[in-house]
Amino acid sequence: MYINTIQSEEVLEKIQANYQGKTVVISVAEATSISLTDLIEALNGAGVEFIGGIFPKVISANKVYDEGIVISGFSNVKHTFLVKGLDGLDFQPEAFELDASKHFLFTFADGLTQNLSLYLERLYNIYGGDLAYFGAGTGSLSLKQIPSVFNKDGVFQDAAVGLIASSKMALGVKHGWQKVSGPYIVTKSDRNVIQQINWQNAFDVYKAIVEEHGKKEITHDNFFEISKAYPFGILKDSSEYVVRDPIDVNEKGELICIGEVIENTVVDILNGDAETLINAAKEAAKDVMGKIENPQHAYLSDCISRVLFLEEDYERELKAISSQLNASGECMPIEGALTLGEISSFGDGYLQLFNKTVVVGLFE
Amino acid sequence: MDVLQLYEFSMAIGRSFDYKENCNSLLRLIMARKDLNSCWIYTQREGECKITYSIPEKHQLEVMNSDKCIVKELHDRGDNFSSPITDDIQKIAPFQLNGGAVAVFNLKDEGLLFLYGSKRDAFLQMEINQLSPIIEKFRVSLEASDVFRKREILLHNLEKQNKELSDYAHVVSHDLKSPIRNIETLLTWVRQDYENLIDEKGIETFSLISDNLERMDSLIDGILKYSTIDKENTGNQTVDLSDLLAKTISSIKVPAHVSIEVETELPTIQGNLFTLHQLFQNLIENSIKYSDKPFCQIRVGARKVEEGNEFYVKDNGMGIEAKYFDKIFQVFQSLDGNQKSSGIGLSVVKKIVDSYGGKVWLESEKGLGTTFFFTLPVN
Chain A
1 MYINTIQSEE VLEKIQANYQ GKTVVISVAE ATSISLTDLI EALNGAGVEF
51 IGGIFPKVIS ANKVYDEGIV ISGFSNVKHT FLVKGLDGLD FQPEAFELDA
101 SKHFLFTFAD GLTQNLSLYL ERLYNIYGGD LAYFGAGTGS LSLKQIPSVF
151 NKDGVFQDAA VGLIASSKMA LGVKHGWQKV SGPYIVTKSD RNVIQQINWQ
201 NAFDVYKAIV EEHGKKEITH DNFFEISKAY PFGILKDSSE YVVRDPIDVN
251 EKGELICIGE VIENTVVDIL NGDAETLINA AKEAAKDVMG KIENPQHAYL
301 SDCISRVLFL EEDYERELKA ISSQLNASGE CMPIEGALTL GEISSFGDGY
351 LQLFNKTVVV GLFE
Chain B
1001 MDVLQLYEFS MAIGRSFDYK ENCNSLLRLI MARKDLNSCW IYTQREGECK
1051 ITYSIPEKHQ LEVMNSDKCI VKELHDRGDN FSSPITDDIQ KIAPFQLNGG
1101 AVAVFNLKDE GLLFLYGSKR DAFLQMEINQ LSPIIEKFRV SLEASDVFRK
1151 REILLHNLEK QNKELSDYAH VVSHDLKSPI RNIETLLTWV RQDYENLIDE
1201 KGIETFSLIS DNLERMDSLI DGILKYSTID KENTGNQTVD LSDLLAKTIS
1251 SIKVPAHVSI EVETELPTIQ GNLFTLHQLF QNLIENSIKY SDKPFCQIRV
1301 GARKVEEGNE FYVKDNGMGI EAKYFDKIFQ VFQSLDGNQK SSGIGLSVVK
1351 KIVDSYGGKV WLESEKGLGT TFFFTLPVN
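Chains A and B, in that order, are what the protein sequence lines are.
For the first sequence, position 196 (counting from the first letter as 1) is numbered 196 according to the working numbering, and the numbering increases by one without interruption.
For the second sequence, position 359 (counting from the first letter as 1) is numbered 1359 according to the working numbering, and the numbering increases by one without interruption.
Structure (structure tokens):
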């Protein structure tokens, strides 16, 4: 459900009217003027269980909104949680005891925090393949870190919130980017900063490849304009690349990505066009169809840089997804957010952070 | 599998001596790149079959006794192989496996590594063959982690014991000194108060008591010095040993019948002033103490050797029998029953030389004299 209001009471009324007995996930577009402190107070006062995140934009049906709130309701939620201190190493997600039934874990995590990958590692370390995982990186389009996740205790930076529900979820994960050059070795890196590629300055190597392919000059000033079309792809066995998005270059010629690229990772340089990306989104939606018996709603975690790349074509991506999900003539609510990093396992495999990817979650 | 992926895996091996971090570095990468669900290692440690690493971490901690033989059987095969999830594999798995297959790698003394993929019918033999040398290298790094862990435990225990010993020596020394001083004082009072009542034999006995008290005091000083000398040996500086030796000699009470000659120029080295002074002082005092000739000659000198500098302190004293050459460097070992010798001086010498990474030894002939040699390496 999409609402554009600055009145906390109005949000509360909608939740009480539509999501009785459910835990709600609140996705807020960063330009929304509502006071989160007031909203949290109102929800706490009414005893509403909730978690939430702030995103560059939110999605409802086939539209993208710069302002407003998207509310999604989840049944059979057994636990909600908050993990703080993701900028350090001492955080530890709580290990809840789960019964033998199928569960999924839904999480929003600060997309620009230092140890996002470590957070995902630690989650997987606790629950392993017993759960299906779905999530999104929160934050601002300015790529300046802000407090961007919230729950009943407040709004937090360098933190993650989540819920664990005892019901089924189906996952579709695709991006559609294709190799244009590679492989290369990231010979020196520090978390999300690529310092060297093939033992040479990272920007020098990247610039040479991208300029040769795109026939356009790439400089420090126009970096993101060009780089949004040339992400890195980490090679994997038998599945699509894990994409890393270079969003900036610093004065030392180091490339700053969303998400960790560990030293000695083998990468290709990728490129795509509107058709391959939209087709991939359609495939992701197709992948979830028929996997659960009684789907109630879908949530999309779609990378903000896909919108920046696709521009006017992005609505076609949303339409492609919704036409797949509603192929049988139903009118399934499709909501979501444009995110800074997408979180998912490939089915029940290892939990990972993706960039420039669309993750479709279909929930019972 | 791309050869560069093998490169990526091999570069993730041995990035830490810590067992868990070492496992994390490689096994998380393999899981991520191959979309696996979990992995675990069984190790036979201290007679028990234990899971020493797993992703996820939450698992049944122990293999049931009845299932140990399954682990042993798999280990005894000695090879790396793929297996579907049989009843036996499920029995020894630390968590519920939902179909799929495991790749089992033999880590020899480090146990067995299992990689589990729920979506696989099997791991191809080709894939096992490609991973085998990587896992073999990983096994060697696990052995190194094990050695490192044992060394850390040993060092920790050693540090603890050293501290306890040092604390003990301090307590004993300080607590014993006080009653000794009290006895000495009381003894003096008794001698003064009952001067007229004590006969010559009594005075002689008092004298013996005083000598023994003095010896005990000297022993306690020795214990304290021995237990703390290594703590003094911190903070190196440039030391001109010719200058240091001259100062050391002038600080020693040299009897009239003793002459000390410095035969060569001594080098300038990096060292600790206090311990180097103590080293020369103890050796020279030892020569003085055991001089039995009307004219005692002590000669000191040095020469360059391959590993650094070699020094000697030579005397024409009573000499030492070869059978005592090792014993004299042990604490409280005094050969002649000399009441004033604490038997600690040469132990301190050895401790100082050891702390510099040098060697100390002697050449001696009974009745003719002794030469103590020691080396101090350059670094």
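For every residue, glycine included, the Cβ atom is placed at its ideal position computed from N, Cα and C.
Residue i in three-state terms, based on DSSP
i	result
residue 1178 of chain B	helix
residue 233 of chain A	strand
residue 1107 of chain B	coil
residue 67 of chain A	coil
residue 1382 of chain B	Residue 1382 of chain B lies beyond the residue range present for chain B, which begins at 1001 and ends at 1379; the question has no answer from this structure.
residue 96 of chain A	coil
residue 1153 of chain B	helix
residue 1077 of chain B	helix
residue 1270 of chain B	strand
residue 307 of chain A	helix
residue 172 of chain A	strand
residue 398 of chain A	Lying before the first or after the last residue shown, residue 398 of chain A is absent from chain A, which here runs from 1 to 364.
residue 157 of chain A	coil
residue 129 of chain A	helix
residue 219 of chain A	coil
residue 59 of chain A	strand
residue 1222 of chain B	helix
residue 1161 of chain B	helix
Enclosing alpha helix (DSSP H) for residue i [first to last residue]
i	result
residue 316 of chain A	314 to 325
residue 210 of chain A	202 to 214
residue 1345 of chain B	1345 to 1355
residue 145 of chain A	It is not in any alpha helix (DSSP H) - residue 145 of chain A carries neither H nor E in the DSSP assignment.
residue 1277 of chain B	1273 to 1289
residue 1010 of chain B	1003 to 1011
residue 84 of chain A	Taken as a continuous stretch (DSSP letters only), residue 84 of chain A belongs to no alpha helix (DSSP H), being part of the beta strand (DSSP E) at 77 to 84.
residue 337 of chain A	Careful: residue 337 of chain A lies outside any alpha helix (DSSP H), inside the beta strand (DSSP E) at 334 to 339.
residue 48 of chain A	Counting along the chain, residue 48 of chain A falls outside any alpha helix (DSSP H), and DSSP gives it neither H nor E.
residue 1023 of chain B	1019 to 1023
residue 1033 of chain B	1029 to 1034
Cβ-Cβ separation, residue j to residue i (assumed contact under 8 Å), whole Å
i	j	result
residue 138 of chain A	residue 158 of chain A	Not a contact, Cβ separation roughly 11 Å.
residue 86 of chain A	residue 116 of chain A	7 Å
residue 1194 of chain B	residue 1331 of chain B	About 39 Å separates the two Cβ atoms, so there is no contact after all.
residue 73 of chain A	residue 18 of chain A	7 Å
residue 1276 of chain B	residue 1244 of chain B	6 Å
Terminal residues of the beta strand (DSSP E) in which residue i lies
i	result
residue 1303 of chain B	1296 to 1305
residue 20 of chain A	Where residue 20 of chain A is concerned, there is no enclosing beta strand (DSSP E), given that its DSSP letter is neither H nor E.
residue 1309 of chain B	1308 to 1315
residue 303 of chain A	297 to 303
Minimum C-alpha distance to residue i - residue among the options
i	options	result
residue 1308 of chain B	B/1227, B/1375 and B/1208	B/1375
residue 342 of chain A	A/315, A/82 and A/243	A/243
residue 79 of chain A	A/204, A/205 and A/167	A/167
residue 1300 of chain B	B/1043, B/1267 and B/1322	B/1267
residue 1256 of chain B	B/1297, B/1057, B/1242 and B/1366	B/1297
residue 1314 of chain B	B/1363, B/1330, B/1350 and B/1137	B/1363
residue 1371 of chain B	B/1347, B/1325, B/1074 and B/1140	B/1325
residue 107 of chain A	A/62, A/52 and A/316	A/52
residue 153 of chain A	A/245, A/36, A/309 and A/18	A/36
residue 210 of chain A	A/182, A/155 and A/236	A/182
residue 273 of chain A	A/325, A/310 and A/66	A/310
residue 296 of chain A	A/4, A/76 and A/202	A/76
residue 412 of chain A	A/250, A/2, A/189 and A/156	It is not possible to answer for residue 412 of chain A, since the shown part of chain A is limited to 1 through 364.
residue 281 of chain A	A/184, A/91 and A/322	A/322
residue 1237 of chain B	B/1189, B/1269, B/1049 and B/1185	B/1269
Exercise. Are the stretch 160 to 174 of chain A and the stretch 212 to 224 of chain A in contact at 8 Å, needing three or more beta carbon pairs?
Worked result: no
Problem set entry | Three CB pairs or more closer than 8 Å across the stretch 261 to 268 of chain A and the stretch 1003 to 1015 of chain B | yes
Problem set entry | Residues of the stretch 234 to 262 of chain A whose Cβ lies closer than 9 Å to any Cβ of chain D, in chain order | Considering every chain present, this structure includes no chain D. Its protein chains are A and B.
Exercise. Three or more C-beta pairs closer than 8 Å, one from the stretch 1159 to 1169 of chain B and one from the stretch 1195 to 1210 of chain B: is that the case here?
Worked result: no
Problem set entry | Inter-stretch contact (C-beta, 8 Å, three-pair minimum) for the stretch 1288 to 1299 of chain B and the stretch 1356 to 1364 of chain B | no
For this session: Would you be able to state if there are at least three C-beta pairs under 8 Å between the stretch 337 to 344 of chain A and the stretch 40 to 58 of chain A?
Result: yes
For this session: Report yes or no: do three or more beta-carbon pairs, one from the stretch 1081 to 1092 of chain B and one from the stretch 1145 to 1156 of chain B, lie closer than 8 Å?
Result: no
Exercise. Pairing CB atoms from the stretch 184 to 200 of chain A with CB atoms from the stretch 222 to 231 of chain A, are three or more of them under 8 Å?
Worked result: no
Exercise. Quick check: the stretch 353 to 362 of chain A against the stretch 302 to 312 of chain A, are there 3 or more CB pairs under 8 Å?
Worked result: yes
For this session: Report yes or no: do three or more beta-carbon pairs, one from the stretch 1095 to 1115 of chain B and one from the stretch 1127 to 1135 of chain B, lie closer than 8 Å?
Result: yes
Exercise. Below 8 Å, can you find three or more Cβ-Cβ pairs linking the stretch 195 to 205 of chain A to the stretch 136 to 150 of chain A?
Worked result: no
Exercise. Is the stretch 1024 to 1031 of chain B close to the stretch 1042 to 1052 of chain B, with three or more CB pairs under 8 Å?
Worked result: no
Exercise. Just checking, does the stretch 284 to 298 of chain A make contact with the stretch 20 to 40 of chain A on the three C-beta pairs under 8 Å criterion?
Worked result: Contact between the stretch 284 to 298 of chain A and the stretch 20 to 40 of chain A is absent, with fewer than three C-beta pairs closer than 8 Å.
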